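Participant: Going line by line, the protein sequences match chains R and C.
Going by numbering that gives the first Met the number 0, the first sequence opens with residue 0, and the numbers climb by one from there.
Going by numbering that gives the first Met the number 0, the second sequence opens with residue 0, and the numbers climb by one from there.
What follows is a single structure, and I will ask about it in a moment.
2 protein chains.
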Amino acid sequence: MEKPPTTAYADNPDVDRLVSDLIGRVADKWTLLVIEVLEQAAQVRFGALARAVPGISQKMLTRTLRQMERDGLVRRTVHPVIPPHVDYALTALGHGLAAAFCPVWTWAETHLAEVEAARAAFDAHT
Amino acid sequence: MEKPPTTAYADNPDVDRLVSDLIGRVADKWTLLVIEVLEQAAQVRFGALARAVPGISQKMLTRTLRQMERDGLVRRTVHPVIPPHVDYALTALGHGLAAAFCPVWTWAETHLAEVEAARAAFDAHT
DNA sequence: CCGCATCCATTATGATACTG
DNA sequence: CAGTATCATAATGGATGCGG
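Printed below as a string of structure tokens:
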């Protein structure tokens, strides 16, 4: 059934599951990296994205961008010229998510050494 | 827009790639959901985790917890009793990561309706 | 009984070649 | 240049078994 769009979803199991699903889709490795690149430049072309996200394949980049477009995170602009020219830019929604992810990047930069130390200790322990 | 906030070593390509790798490992779907559950209760047993993270398989839960333990995010405590009793708890590092992910959860709760509307609009256009 | 490792079917991902 | 199609490979889930 449909629920009215209330802001107080506190501990509703249904909403909680929807939020979990959304987190699961948005907290994808490639999505995060693409958001990070798009957040630092207003508009980025497909090739530039492929270059800026090291290790991503064309298929995954395409799929990730389509998914983000469908979720309203990015706006895809096609310029009908030859050769083709396609720009990707974050929407307001996407910028909000990028801002929400900012502390995660800060955490990763700050605690990278600790994580590597923990890994070394764990590997030595076994 | 403005110049993005950078740390002292954010412009180092090597560190940038290490941070990307760390993000890629930590921004896993199951890792995030497990962190969320562990952040709300001090100690959680394996079975309780499997129940609290809907849709996860036992194998993925085991693998996710091992990886998080190796990265120093969780501490695994085995009580040698019968039946077995294994508690998982976030370390200080894990709590920091949970706190960093907090805005992402807030964003997901706040903008869930917008994402669903964007999906409906995208699906209608195609 | 609980945690977790192993076998197999399904799916997701990567590398390459090709089209508009 | 942007995106698709195809095939090889790795990741994942489900069921089962086993030790404590």
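Ideal Cβ positions, reconstructed from N, Cα and C, are used throughout, including at glycine.
From a predicted model like this one, the values you see are computed outputs, not experimental measurements.
At which residues does the alpha helix (DSSP H) containing T61 (chain R) begin and terminate?
Facilitator: Q57 to R69
Participant: Between V152 (chain R) and L72 (chain C), what straight-line distance do the alpha-carbon atoms span, to the nearest angstrom?
Facilitator: Residue coverage of chain R in this structure runs from 0 to 125, which leaves residue 152 (chain R) outside it and unanswerable.
Participant: Given a limit of 9 Å on CB to CB distance, which residues of the region 28–48 of chain R reach chain C?
Facilitator: K28, W29, T30, L31, L32, E35, E38, Q39 and A41
Participant: Verify the CB distance criterion: does V73 (chain C) have a CB-CB separation below 8 Å to chain R?
Facilitator: no
Participant: What number of angstroms, rounded off, separates the C-alpha of I22 (chain C) from the C-alpha of A107 (chain R)?
Facilitator: The alpha-carbon separation between I22 (chain C) and A107 (chain R) amounts to approximately 7 Å.
Participant: Taking D122 (chain C) as part of the alpha helix (DSSP H), name the residues at either end of that continuous run.
Facilitator: Residues A91 to A123.
Participant: Give a yes or no on whether the C-beta atoms belonging to A97 (chain R) and I34 (chain R) are separated by under 8 Å.
Facilitator: yes
Participant: Give the range of the alpha helix (DSSP H) segment to which V80 (chain C) is assigned.
Facilitator: It is not in any alpha helix (DSSP H) - V80 (chain C) carries neither H nor E in the DSSP assignment.
Participant: Taking CB distances under 8 Å as the criterion, tell me whether A7 (chain R) reaches chain C.
Facilitator: Any answer about A7 (chain R) is weak, because its pLDDT of 49 lies below 50 and its placement is not dependable; what the coordinates show is given next. Interface criterion not met: the Cβ of A7 (chain R) is under 8 Å from no Cβ in chain C.
Participant: Sort out for me which residues DSSP pairs A76 (chain R) with in a bridge.
Facilitator: Note that residue 76 (chain R) is Thr in the sequence shown here, rather than Ala. The partner list for T76 (chain R) (beta bridge, DSSP) reads R:D86.
Participant: Taking the alpha-carbon positions, what's the A40 (chain R) to G46 (chain C) distance?
Facilitator: 45 Å
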